[in-house]
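Chains as they are written, first to last, in UniProt numbering: chain A, 1 to 102; chain B, 1 to 102.
Number of protein chains: 2
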Amino acid sequence: MGRGKIEIKRIDNATSRQVTFSKRRSGLFKKARELSILCDAEVGLVVFSSTGRLYEFASTRKKLILPTSMKSVIERYTEAKEEHMQTMSASAEAKAAMLLRN
Amino acid sequence: MGRGKIEIKRIDNATSRQVTFSKRRSGLFKKARELSILCDAEVGLVVFSSTGRLYEFASTRKKLILPTSMKSVIERYTEAKEEHMQTMSASAEAKAAMLLRN
DNA sequence: GCGTCTATATATAATGG
DNA sequence: TCCATTATATATAGACG
Numbered sequence: 001m002g003r004g005k006i007e008i009k010r011i012d013n014a015t016s017r018q019v020t021f022s023k024r025r026s027g028l029f030k031k032a033r034e035l036s037i038l039c040d041a042e043v044g045l046v047v048f049s050s051t052g053r054l055y056e057f058a059s060t061r062k063k064l065i066l067p068t069s070m071k072s073v074i075e076r077y078t079e080a081k082e083e084h085m086q087t088m089s090a091s092a093e094a095k096a097a098m099l100l101r102n
Numbered sequence: 001m002g003r004g005k006i007e008i009k010r011i012d013n014a015t016s017r018q019v020t021f022s023k024r025r026s027g028l029f030k031k032a033r034e035l036s037i038l039c040d041a042e043v044g045l046v047v048f049s050s051t052g053r054l055y056e057f058a059s060t061r062k063k064l065i066l067p068t069s070m071k072s073v074i075e076r077y078t079e080a081k082e083e084h085m086q087t088m089s090a091s092a093e094a095k096a097a098m099l100l101r102n
């Protein structure tokens, strides 16, 4: 969807990979949100950039259940969260919150 | 993106809501997959239709962490999963599916 | 409900500042 | 390294079988 057609394979150039990530992530989240609204669906979306930054969306409507395949993800999340909590200090709290927020 | 422009609000007609769900879900998953490949990102996507059917995608690469806002989701998943396991029998498959449905 | 078919809306690749 | 633009690729609304 652009001036040229691209193959779906890892973009080698780090810069353009970052640019594409930014654009497509934005589009993906937009569509996730639209789906949840239009179709009254529960949607949970988690994205980690290759640099480890977290982005999330979750429609908060009724009941959302995670799929089995995400079990490991949940486990890792729990671990990370615990680590996070352990190393968290009062002043680091805000920083971490911001980090998680974007 | 079609013959006409639509507002982003819940589609009242159940039939067209289902049709739209099917189409957009497909597109969303495709884009989730593309993002993960193109940008070497970790992506986890969970969708529950309004009728309770589950759809998922998770790139299995490196580190995927769930966002804070998904905590309740995880909890619910865990609960449901436990229930599922407890009541599951070979012949109870269908029943379990119903359980997950809502 | 599900696949196919367009016309049109949107997303976005490439580019320029 | 970001914004803004814009040409093009893609997604999809609406219609039909």
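Every residue gets a Cβ at the ideal spot worked out from N, C-alpha and C, and that includes glycine.
Determine whether the Cβ of residue i lies closer than 9 Å to any Cβ atom of chain B.
| i | result |
| --- | --- |
| arginine 3/A | no |
| threonine 15/A | no |
Can you tell me which of the options puts its alpha carbon nearest to the alpha carbon of residue i?
| i | options | result |
| --- | --- | --- |
| valine 47/A | Phe48/B, Ala41/B, Lys31/B, Arg33/B | Ala41/B |
| glycine 52/A | Ala32/B, Val43/B, Arg10/B | Val43/B |
| methionine 1/B | Asn13/B, Gly27/B, Ala14/B | Gly27/B |
| threonine 15/A | Leu54/A, Ser50/A, Tyr55/A | Ser50/A |
| arginine 24/A | Ser22/B, Lys23/B, Phe29/B | Phe29/B |
Between which residues of its own chain and residue i is the CB-CB distance below 6 Å, once the five residues before and five after are set aside?
| i | result |
| --- | --- |
| serine 59/A | Ser36, Glu42, Val43 |
| glutamate 7/B | none |
| arginine 3/A | none |
Can you give me the Cβ contacts of residue i inside the same chain, cut-off strictly under 7 Å, excluding the 5 residues immediately before and after it?
| i | result |
| --- | --- |
| arginine 33/B | Phe57 |
| isoleucine 11/B | Arg17, Thr20 |
| isoleucine 65/A | Because the pLDDT of isoleucine 65/A is 49, which lies under 50, any placement of that residue in the model is unreliable, and the number read from its coordinates should be weighed accordingly. Cβ neighbours of isoleucine 65/A beyond the five flanking positions: none. |
| lysine 9/A | none |
How many whole angstroms separate the CB atoms of residue i and residue j, which I take to be in contact at a CB cut-off of 8 Å?
| i | j | result |
| --- | --- | --- |
| leucine 45/A | leucine 38/B | Actually they are not in contact, since the Cβ atoms of leucine 45/A and leucine 38/B sit about 16 Å apart, beyond 8 Å. |
| lysine 31/A | lysine 31/B | 7 Å |
Which same chain residues end up closer than 8 Å to residue i when comparing Cβ atoms and leaving out the 5 residues on each side of it in sequence?
| i | result |
| --- | --- |
| serine 22/B | none |
Along the chain, which unbroken stretches of the beta strand (DSSP E) at least 3 residues long are found entirely within the UniProt domain "MADS-box" (1-61) of chain B?
42-48, 54-58
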